[in-house]
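Numbering (the working numbering), first residue to last: 1 to 160. Here a beta-carbon is modelled for each residue, glycine too, at the ideal position from N, C-alpha and C.
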């Protein structure tokens, strides 16, 4: 699985209340949630992000509550992957469950850089700077879930 996109940079401790503030949780429509992604950190972020973009962040991304809407809002806003030094465990699992790749890595990238991620080989290339980063390749089980679009689709596929 390969992902290529423009970087949006965030700091440490980006919590789920920042990713999708509680005042926007009046709907289960993923596209409606996506309109308010990162509203607690950057107003109008959702209007600027494009399909295929990538978030690069510091440590403890997705901390706070276990609200599943945080991962949904990110994915439906068009973000194709999140790279962070570390993730809150529940956020990490919620992301994999909906088919959103989350990569634990310390990647040197500035906002606006273009990165290419190969989850099979474990290589991340910052195409803007030319820097290459090695990560542990994703296990086949996780790749299958991501390729199927999440755990529910993966489970349904196994039942066919």
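List the endpoints of the continuous alpha helix (DSSP H) containing residue 47. 45–48
Reducing DSSP to helix, strand and coil, say where residue 102 ends up. strand
Buried or exposed for residue 53, please, with buried defined as at least 16 other CB atoms from any protein chain shown within 10 angstroms of its CB. buried
Which residue's Cα is closest to the Cα of residue 74: 124, 60, 11 and 31? 31
For the beta strand (DSSP E) containing residue 57, name the first residue and the last one. 54–57
Can you tell me which of 43, 86 and 3 puts its alpha carbon nearest to the alpha carbon of residue 61? 86
Less than 9 Å between the beta carbons of residue 113 and residue 128, yes or no? yes
Grab the span of the beta strand (DSSP E) containing residue 81 for me, first residue to last. 81–84
Compute the beta-carbon to beta-carbon distance between residue 46 and residue 77, rounded to the nearest angstrom, for a pair I have assumed lies under 8 Å. 5 Å
Would residue 84 pass as a contact of residue 59 if the rule is Cβ separation under 9 Å? yes
CB-CB length for residue 103 against residue 95, believed under 8 Å: The Cβ separation is near 10 Å, so there is no contact.
DSSP puts residue 133 in a beta bridge; with which residues? 124
Taking all protein chains shown into account, do 16 or more other C-beta atoms lie within 10 angstroms of the C-beta of residue 126, making it buried, or fewer, making it exposed? buried
By Cβ distance, which residues of its chain are closer than 7 Å to residue 35, with the 5 residues on each side in sequence left out? 46
Distance, Cα to Cα, residue 41 vs residue 141? 33 Å
Is the beta carbon of residue 117 less than 9 Å from the beta carbon of residue 14? no
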